[in-house]
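Notes to accompany the following structure.
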Amino acid sequence: MAADQFVYLHGQPGSPVELTLARPDGWTAAATLFAPDRALDRPDLALEPYLDHLAASILRRYPEGPIRLVGFSLGGYVATEIALRLAERGRGDDLNLDLISTAAPLGYGDFLPHMAGGRVFALARAQPWLFNLMTRVQGGLAALAPKTLFGQIFAGAAGADAELALDPAFQASLQRIIAHSLAKGARGYRRDIGGYVVQTPELLVTLRAPITLWCGEADTWAPSGMSHAIAEARPESRRVRSIPGHSHYSTLTVALPEIFRDLA
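Here UniProt numbering is used: the first residue of the sequence shown is 1, the next is one more, and so on.
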């Protein structure tokens, strides 16, 4: 049996640096791991052409064999969109998905009031122009004072994320991620958010690939109810891994070593 070939799709704000939160080298030496940086990858493209571009990049890298799409947070939305495109190109039987702390389609429930970033998503959906303006302000703050923005984002950290937020190494990594995504990669950030808030829920049901949903029971950014809503929407070919006491990033640090256990 051929070994899995992995694609890691980071969150937003996010970057491939997220991989180092679970292991210092972030599996960067692995030949079968592709972790595109969506913040800087073709910011000139609109969402649909960009997703087509990303799917084509994956097919060039992995022309045959099993492909395991690993999406964290908002990267879960991107993973499902990419999976649908790969299936359309004849690779549906090769796919498996791991969605970690994933954001479910907003049409699956009344999630926004319960999400730590719910106001941002609500703004992106209702007033895109104001959302774009807000991200420009955030980008300036991220470039000049990433520590301040980190403090604002993690002020309400829950579960095991509260302990993670006190770790200097975690703080340094997240500040780097925040500055990269919101300052340097703002176009990619806006592209992902804008696509997520209008994602059609029915598309996920048409995806036949097996899905494993990793959710922290204390997650306040992507409440575990989002993963359970996805599971209810497609009861076949899925399993849910609930992690007690864990929140958003702490779930990532548990899931990645298990998912990548066969990578060098």
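For each residue, glycine too, the CB sits at the ideal point set by N, CA and C.
For residue i, does the three-state DSSP call read helix, strand or coil?
i      : result
Tyr8   : strand
Leu263 : coil
Arg23  : coil
Arg89  : helix
Phe34  : strand
Gln199 : coil
Asp161 : helix
Ser250 : helix
Arg119 : helix
Gly151 : helix
Asp94  : helix
Which whole-angstrom value describes the C-beta separation of residue i and residue j, a residue pair presumed to lie in contact below a C-beta threshold of 8 Å?
i      : j      : result
Ser173 : Val17  : 6 Å
Ala157 : Ala165 : 5 Å
Thr135 : Arg190 : 6 Å
Val197 : Leu256 : Going by Cβ atoms, the distance from Val197 to Leu256 rounds to 27 Å, so no, they are not a contact pair.
Leu207 : Ala56  : Not quite, the Cβ-Cβ distance comes to about 19 Å (not below 8 Å), so this is no contact.
Identify every residue that forms a DSSP beta bridge with residue i.
i      : result
Ser242 : Cys215
Leu207 : The partner list for Leu207 (beta bridge, DSSP) is empty, contrary to what the question assumes.
Gly71  : Leu9 and Leu99
Measuring alpha carbon to alpha carbon, tell me which of the options ends up nearest residue i.
i      : options                           : result
Leu149 : Phe131, Phe121, Ala179 and Arg136 : Ala179
Ala103 : Ala46, Leu123, Val78 and Leu69    : Val78
Arg238 : Phe260, Trp214 and Leu256         : Trp214
Ala143 : Leu263, Ala183 and Arg60          : Ala183
Leu54  : Ala231, Glu232, Asp192 and Ile259 : Asp192
Gln65  : Pro223, Ala39 and Gln5            : For the sequence presented, residue 65 should be read as Gly rather than Gln. The residue with the shortest Cα to Cα distance from Gly65 is Gln5.
Gly188 : Asp37, Gly117, Ala2 and Thr28     : Asp37
Could you pull the start and end residues of the alpha helix (DSSP H) that residue i belongs to?
i           : result
Phe131      : Pro128 to Leu144
Gly194      : Ala186 to Tyr196
residue 286 : For the chain, the structure presents residues 1 to 264; residue 286 sits outside this window and is missing.
Tyr50       : Leu47 to Arg61
Pro168      : Pro168 to Ala179
Does residue i come within less than 7 Å of chain E when only Cβ atoms are used?
i      : result
Asn132 : The chain labelled as chain E is not found in the depicted structure, where only one protein chain is given.
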